[in-house]
Amino acid sequence: MAKVLTPREILAALISFPTVSRDTNLPLVDWVCDYLDTHGIEVHRWPDPAQPHKAAVIAHAGPRREGAVVLSGHTDVVPVDGQPWDSDPFTLTERDGRLYGRGTTDMKGFDALAIWALVEAQRRGVARPLQLALSFDEELGCTGAPPMIAAMQGMVPKGASVIVGEPSMMKAVTGHKGGEGYFVDVWGFEVHSSILHTGVSAVMEAARIIDWANRVNAEEMARAPGPLAAMFDPPFTTLHVGTIAGGTAQNITAKHCRFDIGYRATPDAEPGSWDRRIRDRLAEAEAAMKAVHPEARIDVDARFRVPPLRPEERGEAEGLARAITGDNATHVVSYGTEAGQFQEAGYSAVVCGPGDIAQAHQPNEFITLAQFRAGQDFMEGLLDRLGGKAAA
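At position 66 of the sequence shown the residue is numbered 66 (this note's numbering), and the sequence of numbers has no breaks.
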C-alpha cells in the first residue's frame with residue numbers, strides 16, 4: 001500500500017526543491033507526479049514547448065466527468081540571493097509556531113495541502129471530481145498558466161470552479177487588478193552633446209515617456225473612482241517603471257535606452273484600453289523622434305498579460321469558499337493572480353489560500369502553524385462537499 005504523507009511532510013518535500021523561476025522545476029514536478037501516481041491518481045506532466053526545463057502538473061481524482069473543483073497553485077518561487085535568512089531557505093524549519101522556508105506562503109503551503117486533498121479525494125471516493133493544476137513562471141508575470149489551462153482542455157474533463165490558493169489568510173478574494181508589462185527599447189541617434197538638437201537621445205526620450213506615466217498616475221489619483229474601483233487600495237489604475245538603463249557617455253546623445261513599463265488596472269477598465277493607451281503614447285514619441293532623424297525608433301516587447309479577476313454574480317467558486325470558511329465579507333487585492341486567467345477561460349474563480357501576502361518574497365518567509373492548519377481544515381470542508389460514493 002502506498003504511503004500517505006501528511007500535509008507537512010509534503011510541504012517539506014516541496015520546499016526542498018529550489019524552484020526559483022530562472023531555474024528548472026522538473027525535479028519537483030517528477031516528485032509530485034510520482035507521488036500521485038502511486039495513489040492511482042490520473043496525473044499528467046505538461047512540458048512547456050518553449051522551455052523544456054519547465055513543466056506543469058495536471059491531475060484528476062474522482063469520477064472522470066466534467067464539473068470538477070480545481071485547486072490551482074504555482075511551483076516557482078522568487079530568488080533568495082542577497083537575503084539575510086536565519087535558516088536554510090530550502091529546508092522546512094519550525095520556530096515559534098511558524099514554518100520557515102522559501103515558498104511556505106507563496107505558495108507551496110497551499111500546493112502541499114492541495115496535493116494532500118487530491119490523495120484524500122481518491123482514497124475516500126468522492127462523488128464530484130477534484131483536480132490539481134500546478135503552473136510555472138507565475139512569478140514572471142503569470143506566463144505559465146495560459147498554456148497550462150489550454151493544455152487541460154481535453155486532457156482532463158473540464159472543471160467548473162477554481163480555487164487559486166494565493167495567500168489570503170483564508171479569506172475569499174473575489175476581485176483583483178489586471179495588468180500588462182512591456183520592455184521598451186528606445187533607439188536614438190548619436191551626436192556630440194554640444195549639437196544635441198541634431199541627434200536623438202534615447203535616454204531623454206525615455207524620460208519624456210516616464211514623465212508621462214507620472215502625470216497619468218496623478219490624473220488617475222485625482223479622478224473619483226467608480227463603485228468597483230473604490231473597493232481597491234489604491235482605487236485607481238497605476239503605471240510603473242521598475243528598471244531603466246542606457247547611454248554611452250555624458251557628452252554623447254544616447255543611442256539606446258531600455259526600460260520596463262507596466263500597469264495595474266482596476267477590473268472596471270475597458271479590456272485593452274490601457275494597452276492601447278501605452279502603445280499610442282509610444283507611437284507618438286517615436287513619430288517625434290523620427291522627425292529629427294529617420295533612424296530613431298521605439299521597439300515594444302510585451303512581457304506578460306494578467307487579466308483582472310472580476311467579481312461574479314452568484315459565482316460558484318465564491319459560494320464554495322464562503323460556505324467552507326464562513327467568510328461573508330468583501331475582499332479584493334491589488335496584485336494579480338492566475339484566477340483572472342482561469343476566469344477568462346470560462347471557469348468560476350476565487351482566491352483563497354493560507355498565509356499572509358506580506359510574507360511573500362521576504363527573507364525568512366514563513367507560514368504560521370495556525371494558518372497551515374486552517375488551510376487543512378478548508379480542504380477537509382471541501383472534501384465533505386465533494387460527497388462520497390453513495391452520493392454519486
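We put the CB at the ideal spot given by N, CA and C, even for glycine. These numbers were taken from a predicted model, which means no experiment stands behind them.
Residues that residue 136 bridges to, as DSSP identifies them: Residue 136 pairs with nothing; no bridge assigned.
Cβ pair count under 8 Å reaching 3, the segment 337 to 355 against the segment 162 to 170: yes
DSSP-derived helix/strand/coil call for residue 128: coil
Range covered by the beta strand (DSSP E) that runs through residue 335: Looking at the DSSP string, residue 335 is not in any beta strand (DSSP E), and its letter there is neither H nor E.
Residue range of the beta strand (DSSP E) that includes residue 48: 42 to 48
Exposed unless 16 or more other CB atoms sit within 10 angstroms - verdict on residue 391: Confidence at residue 391 is low in this model, with a pLDDT of 40, below 50, so its placement is unreliable and the value that follows should be read with caution. Exposed: under 16 other Cβ atoms inside 10 Å.
DSSP state of residue 63 mapped onto helix, strand, coil: coil
With 16 other Cβ atoms within 10 Å as the buried cut-off, status of residue 84: exposed
Beta-bridge pairing of residue 256 - partner residues as DSSP gives them: 187
At least three beta-carbon pairs within less than 8 Å, the segment 260 to 272 to the segment 220 to 229: yes
Alpha helix (DSSP H) segment containing residue 395, residue limits: Limits of the chain in this structure are 1 at one end and 392 at the other, which puts residue 395 out of reach.
Reduced DSSP category for residue 180 - H, G, I as helix; E, B as strand; rest coil: strand
Length of the line joining the Cα atoms of residue 3 and residue 239: 50 Å
Residue span of the alpha helix (DSSP H) that contains residue 22, given as start and end: Neither: residue 22 is in no alpha helix (DSSP H) and is coded neither H nor E.
Top-ranked residue by Cα proximity to residue 215, from 278, 122 and 80: 278
Proximity below 8 Å, CB of residue 280 to CB of residue 182: no
4 or more residues per run - each alpha helix (DSSP H) lying fully within the segment 245 to 314: 273 to 292
Distance CB(residue 176)-CB(residue 339) smaller than 8 Å: yes
Three or more C-beta pairs below 8 Å linking the segment 137 to 149 and the segment 298 to 307: yes
Residue 314 CB to nearest heavy atom of the ligand NAP below 7 Å: Ligands in the displayed structure: none, and consequently the ligand NAP is not present.
Alpha-carbon spacing of residue 169 relative to residue 78, whole angstroms: 20 Å
8 Å Cβ cutoff met for residue 133 and residue 107: no
Distance CB(residue 254)-CB(residue 202) smaller than 8 Å: yes
Inter-stretch contact (C-beta, 8 Å, three-pair minimum) for the segment 113 to 123 and the segment 61 to 73: yes
Buried/exposed call for residue 66, threshold 16 Cβ in 10 Å: exposed
Reduced DSSP secondary structure (H/G/I, E/B, other) of residue 223: coil
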